[in-house]
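K.L.:
Before anything else, here's the structure in question.
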Amino acid sequence: MSRKGCRCCGHCCVVCTDIQLTEEEVAGGRYRMQPRNGKGKLNSWSNKILARKEIFSTELGRPVHACFYFDPHGPNECSIYEDRPIVCRMFKCSSRNGPKIHELWQGIKEGKSEALCLEA
């Protein structure tokens, strides 16, 4: 599998866990979903995000919530990389958002901030 531009660090899979799916992705039903706020009903496509799960981060030394499709046991990879949602396809570590993700991760690592979406 090609991971062009991906550092395989998994930081975006933990920091960016509020992954908004498109209306077409929701209608297609191929991704596991949950309500945006972690509660309530999946009553509108715009309230659906990619599901999260709790994982143990060896880098942080504690459990965190990550994208449901993130595999922390391999080389920190997305288990659906070739078929990931459009918003994930648009994200590039080398883009202007990449450094921001790693800056947020560093803050989490240093205990200055928490992951953005801890409630699943």
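Just so you know, we're using the working numbering here: the sequence shown kicks off at 173 and counts up by one.
Idealized CB from N, CA, C, for every residue including glycine.
Computed from a predicted model, the values in this text were never measured in an experiment.
#1: Taking three-plus beta-carbon pairs below 8 Å as touching, is the region 274-281 in contact with the region 190-205?
#2: In three-state DSSP terms, what is A199?
#3: Taking 9 Å as the threshold (beta carbon to beta carbon), is E231 in contact with chain B?
#4: Spatial neighbours of F228 within its chain, please: C-beta separation below 6 Å, excluding the five flanking residues on both sides.
#5: Can you tell me the Cα-Cα spacing of R256 and S285, whole angstroms?
P.N.:
This is what the structure holds:
#1: no
#2: helix
#3: The question asks about chain B, but that chain is absent: this structure has only one protein chain.
#4: Cβ neighbours of F228 beyond the five flanking positions: P235.
#5: The alpha-carbon atoms of R256 and S285 are separated by roughly 27 Å.
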